[in-house]
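Protein chains in written order, with this note's numbering: chain E, 3 to 227; chain B, 3 to 227. Quick reminder that beta carbons are idealized off the backbone N, C-alpha and C, glycines included. Remember, it's a predicted structure, so these values are computed and weren't measured experimentally.
There are 2 protein chains.
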Amino acid sequence: MTRGGLIGEETGAALQQVRTEPIQQRSAARLSGLLDAAAAVVDEVGFDRITTAMIADRAGASIGTVYRYYPDRVAVLHALHERAVVRFRQRVVDELGASTLTSWWDAVDCVVTAFVGLYRSEPGFRIVNFDDRDGAPAVDAVADADFFARRLADVLVNEFDLPAGDDLIFRLEVAVEMADALLARAFHTDPLGDERFIAECRLVLRDYLDRFYSPQALNLLATAS
Amino acid sequence: MTRGGLIGEETGAALQQVRTEPIQQRSAARLSGLLDAAAAVVDEVGFDRITTAMIADRAGASIGTVYRYYPDRVAVLHALHERAVVRFRQRVVDELGASTLTSWWDAVDCVVTAFVGLYRSEPGFRIVNFDDRDGAPAVDAVADADFFARRLADVLVNEFDLPAGDDLIFRLEVAVEMADALLARAFHTDPLGDERFIAECRLVLRDYLDRFYSPQALNLLATAS
DNA sequence: CGTCACCGAGTGGAATTCAATCATCCTGGT
DNA sequence: ACCAGGATGATTGAATTCCACTCGGTGACG
Numbered sequence: 003m004t005r006g007g008l009i010g011e012e013t014g015a016a017l018q019q020v021r022t023e024p025i026q027q028r029s030a031a032r033l034s035g036l037l038d039a040a041a042a043v044v045d046e047v048g049f050d051r052i053t054t055a056m057i058a059d060r061a062g063a064s065i066g067t068v069y070r071y072y073p074d075r076v077a078v079l080h081a082l083h084e085r086a087v088v089r090f091r092q093r094v095v096d097e098l099g100a101s102t103l104t105s106w107w108d109a110v111d112c113v114v115t116a117f118v119g120l121y122r123s124e125p126g127f128r129i130v131n132f133d134d135r136d137g138a139p140a141v142d143a144v145a146d147a148d149f150f151a152r153r154l155a156d157v158l159v160n161e162f163d164l165p166a167g168d169d170l171i172f173r174l175e176v177a178v179e180m181a182d183a184l185l186a187r188a189f190h191t192d193p194l195g196d197e198r199f200i201a202e203c204r205l206v207l208r209d210y211l212d213r214f215y216s217p218q219a220l221n222l223l224a225t226a227s
Numbered sequence: 003m004t005r006g007g008l009i010g011e012e013t014g015a016a017l018q019q020v021r022t023e024p025i026q027q028r029s030a031a032r033l034s035g036l037l038d039a040a041a042a043v044v045d046e047v048g049f050d051r052i053t054t055a056m057i058a059d060r061a062g063a064s065i066g067t068v069y070r071y072y073p074d075r076v077a078v079l080h081a082l083h084e085r086a087v088v089r090f091r092q093r094v095v096d097e098l099g100a101s102t103l104t105s106w107w108d109a110v111d112c113v114v115t116a117f118v119g120l121y122r123s124e125p126g127f128r129i130v131n132f133d134d135r136d137g138a139p140a141v142d143a144v145a146d147a148d149f150f151a152r153r154l155a156d157v158l159v160n161e162f163d164l165p166a167g168d169d170l171i172f173r174l175e176v177a178v179e180m181a182d183a184l185l186a187r188a189f190h191t192d193p194l195g196d197e198r199f200i201a202e203c204r205l206v207l208r209d210y211l212d213r214f215y216s217p218q219a220l221n222l223l224a225t226a227s
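1) When you compare only the Cα positions, how much space is there between Phe117 of chain E and Arg89 of chain B?
2) Taking only beta-carbon atoms, is Glu202 of chain B less than 8 angstroms away from chain E?
3) What residues from the segment 159 to 186 of chain E come within 7 angstroms of chain B, judged by C-beta to C-beta, listed N to C?
4) Against chain E, with Cβ distances strictly below 8 angstroms, would Tyr210 of chain B count as a contact?
5) In three-state DSSP terms, what is Asp163 of chain E?
6) Locate the alpha helix (DSSP H) running through Ala183 of chain E, then write down its first and last residues.
7) Which residues in the same chain have their Cβ closer than 8 angstroms to the Cβ of Ser64 of chain E, if we skip the five residues on either side of it in sequence?
8) Is the number of C-beta pairs between the segment 174 to 193 of chain B and the segment 201 to 209 of chain B that are closer than 8 angstroms three or more?
9) Classify Asp74 of chain B: buried if its beta carbon has 16 or more other beta carbons within 10 angstroms, exposed otherwise.
10) Whose CA, out of E:Ala100, E:Gln92 and E:Leu36, lies closest to the CA of Arg70 of chain E?
11) Helix, strand or coil: which one does DSSP assign to Ile57 of chain E?
12) Can you tell me whether Leu207 of chain E is helix, strand or coil according to DSSP?
13) From Arg51 of chain B to Arg187 of chain B, what distance separates their C-alpha atoms?
14) Helix, strand or coil for Ser105 of chain B? Go by DSSP, reduced to three states.
15) DSSP state of Ile200 of chain B, grouped into three classes?
16) How would you list, in chain order, the residues of chain B whose beta-carbon sits under 8 angstroms from the beta-carbon of Arg51 of chain E?
17) Find out if the Cβ-Cβ distance for the pair Phe127 of chain B, Ala86 of chain B is shorter than 8 angstroms.
18) Can a CB atom of chain E be found closer than 8 angstroms to the CB of Val113 of chain B?
19) Run through DSSP, which three-state label would Gly195 of chain E get?
20) How is Asp148 of chain E classed by DSSP in three states: helix, strand or coil?
21) Relative to the alpha-carbon of Val76 of chain B, which residue among B:Ser216, B:Thr53, B:Val157 and B:Thr104 has its alpha-carbon at the smallest distance?
22) Return helix, strand or coil for Pro217 of chain E, following the three-state DSSP convention.
23) So which residues of chain B does Arg213 of chain E contact, with C-beta pairs closer than 8 angstroms?
24) Taking beta-carbon pairs under 9 angstroms, can you tell me which members of the segment 86 to 111 of chain E lie near chain B?
25) Would Leu79 of chain B and Ala41 of chain B be called neighbours here (beta carbons separated by less than 8 angstroms)?
26) With 8 angstroms as the limit, tell me which residues of the segment 190 to 201 of chain B have their beta carbon closer than that to any beta carbon of chain E; keep them in chain order.
27) Just checking: is the beta-carbon of Val118 of chain E within a distance shorter than 8 angstroms of some beta-carbon in chain B?
28) Hey, out of B:Val43, B:Pro125, B:Glu161 and B:Met56, whose CA is closest to Gly99 of chain B's CA?
29) Is it buried or exposed, Arg122 of chain B, if we count other Cβ atoms within 10 angstroms and call 16 or more buried?
30) Got a sec: which bits of the segment 66 to 83 of chain B sit with their beta carbon under 8 angstroms from any beta carbon on chain E, in order along the chain?
31) Ends of the alpha helix (DSSP H) at Arg70 of chain E?
32) Using CA atoms only, rank isn't needed, just tell me which of B:Arg93, B:Ser105 and B:Ile129 is closest to Thr216 of chain B.
33) Could you name the residues of chain E that Val144 of chain B contacts, counting a contact when the two beta carbons are closer than 9 angstroms?
34) Classify Asp146 of chain E as buried or exposed, calling it buried when 16 or more other Cβ atoms lie within 10 Å of its own Cβ.
35) With 8 angstroms as the C-beta to C-beta threshold (strictly closer), list the residues of the segment 29 to 59 of chain B near chain E in chain order.
36) Taking the alpha helix (DSSP H) that Gly99 of chain E falls in, what are its first and last residues?
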C-alpha cells in the first residue's frame with residue numbers, strides 16, 4: 003500500500019534519542035508517559051519555562067528517570083517532536099483513507115486538514131512545526147519536511163500520475179514550508195486557528211501546485227514531450 | 003516621504019530594553035559591541051546555547067556590564083532582534099531608492115532582495131525572522147510581521163495605487179509569512195542561500211499577489227464598482 | 001570628589017550525575 | 001511445576017555542576 007509509506011518507520015530520519023531502549027514492559031509506558039507529561043507541561047507553562055523537574059513530577063517519576071531515557075532536556079522536546087510527526091503522518095494516512103480522492107488536490111487538502119486537526123487536538127503540537135528555526139528541535143526540522151515531501155510525492159505519483167522527479171519533490175517541499183508557516187500563523191493567536199489563514203493556505207497551495215500540475219499544465223507537458 | 007515611513011521610529015513597537023541610557027561617550031560603543039558579540043555567538047553556538055558569559059567574553063566585557071545595559075538574557079536577544087529589524091527596514095528603503103520602480107512588483111522584489119542581502123551579511127540575522135515561534139523573541143514576532151505588512155501596504159497604496167484596506171494588509175501578511183519561511187529554508191543549509199528557493203519565493207509572491215493586484219485584476223475591480 | 005562605568009566573586013535555582021536501592025527476569029536445582 | 005537467588009533493568013534523590021543574575025567594591029571621567 004503506497005499510502006502507508008507515509009508513516010515511514012525507516013531509520014533514515016530516526017535518531018537514537020533514547021539512551022536505553024526499554025526492555026521491561028513497565029518502562030514502555032514510562033517513555034510515553036514522560037512525553038505526555040512534557041506535552042502537558044508545554045501547553046501549560048509554555049515552551050521555554052519547562053523544567054525537567056516539572057516533567058518528572060507530572061509523569062510521577064523522579065528526575066533520574068527522565069535522564070535514564072533522555073540525555074538532556076532538549077532531547078525530551080526532540081522526542082515529543084518526533085512522536086507528533088509520527089502521529090501527524092498517521093493522521094494523514096487516516097484522512098486519505100477516509101476520503102474519496104478524485105485528484106491530487108484532494109490529497110493535499112487532506113494533509114492540510116490533518117495538520118489543522120492535530121494542531122487542535124494534540125497537546126504541545128505547536129512546538130512541533132516542521133521549520134522551527136531556533137528552538138531545540140531545529141536541526142532535523144528541514145530533514146522532516148524534505149522526508150515528508152518525498153513520501154507525499156510517492157503517493158501523488160502512484161495515485162494521480164503526477165510526473166515523478168526532483169522537480170515534484172522540490173515543489174512539494176516549497177509547499178510544505180509555505181503551508182507550515184501559514185498554519186503556524188493561523189494558530190499563533192487563535193487556539194482554534196484563524197480560519198482566514200487556513201483558507202488562504204489552501205488557496206495558496208492549490209494555486210502554486212496548479213501552476214505545474216493542473217490538468218491543463220499536465221496536458222501541455224504531455225504533448226510537448 | 004512615504005517610503006521613509008518603513009523605518010518607523012514610532013514608539014508603538016519600541017521598548018525600553020536598556021536599563022541605563024549611556025551618558026559617557028565610551029559606553030555608546032559598548033552597547034553595539036555587546037550586540038555584535040551576541041550576534042557572533044548566536045552564529046557560532048546557536049540560539050539556545052547562548053550564555054551571558056559568552057557574550058561578555060566576546061565583547062571583552064564582564065558579566066556585570068551586560069547586566070548594566072540589559073535587564074536579562076532575553077533582553078539582549080530582543081535588542082539584537084530590534085537592531086536587525088531596523089537595519090532590514092533601512093536596507094529596504096535603500097533598495098527602493100536605488101531602483102526604478104515601475105510597478106508594485108518591483109517594490110516586493112526589493113524587499114526580497116533586502117532580506118536576502120541581510121541574511122548574507124548580518125551575523126545572527128537568522129534569529130531575527132519575523133515568525134520565530136518558540137524562542138525568546140517570539141512574543142512580538144507576529145506583531146513585527148503585521149507592522150511591516152501595514153507599512154508596506156502604505157507604500158504600495160501611495161505609490162502604486164493599490165486599493166487600501168484590510169484585505170491588502172492581510173494578503174501582505176500572508177506574503178510576508180510565506181516569504182520568510184521560504185527564505186529561511188533557503189538559508190537553512192546554504193549560508194549563501196539556495197538560489198532555487200529564493201527564486202521560487204519571488205515566483206510565489208508574484209503569483210499570489212498577481213491574483214488580486216495584477217493590472218487585469220485591478221481593472222476588473224475598478225469596472226465592477 | 002561626585003558621578004558614571006566597570007568588574008567579578010557570590011547567590012540561587014535549574015540541569016545533570018551517580019551510587020545506592022528496588023523490581024523484574026532468568027536459571028538451574030529440587 | 002516450583003522456588004531460591006543471582007543478574008540485570010529500573011528508579012530514586014541527594015550531590016554536583018552550570019548558568020543567569022546581584023551587588024558591593026574599584027577605578028575613570030569631568
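Put simply:
1) 35 angstroms
2) yes
3) Phe172, Val176, Glu179, Met180, Asp182, Ala183, Leu184 and Ala186
4) yes
5) coil
6) Asp168 to Thr191
7) Shown here for Ser64 of chain E: same chain residues with a beta carbon closer than 8 angstroms to its own, the five before and five after excluded, namely Ala58 in chain order.
8) By the criterion of at least three beta-carbon pairs nearer than 8 angstroms, the segment 174 to 193 of chain B is in contact with the segment 201 to 209 of chain B.
9) Asp74 of chain B counts as exposed, since fewer than 16 other beta carbons sit within 10 angstroms of its beta carbon.
10) E:Leu36
11) Ile57 of chain E: helix per DSSP, three-state reduction.
12) Helix, per DSSP.
13) 21 angstroms
14) coil
15) Looking at Ile200 of chain B - three-state DSSP - the assignment turns out to be helix.
16) Within chain B, no residue comes near Arg51 of chain E; the closest Cβ sits about 11 angstroms away, beyond 8 angstroms.
17) yes
18) no
19) coil
20) helix
21) B:Thr53
22) helix
23) Near Arg213 of chain E (Cβ distances below 8 angstroms), the residues of chain B are Asp209.
24) Answer set for the segment 86 to 111 of chain E: empty.
25) no
26) His190, Thr191, Arg198 and Phe199
27) no
28) B:Glu161
29) Label assigned to Arg122 of chain B: exposed.
30) none
31) Ile65 to Tyr71
32) According to the sequence shown, residue 216 of chain B is Ser rather than Thr. Ranked by how close their Cα comes to the Cα of Ser216 of chain B, the residues B:Arg93, B:Ser105 and B:Ile129 have B:Ser105 in first place.
33) Those within 9 angstroms of Val144 of chain B in chain E are Arg187, His190 and Thr191.
34) buried
35) Per Cβ criterion, the list reads Gly48, Phe49 and Asp50.
36) Arg75 to Ala100
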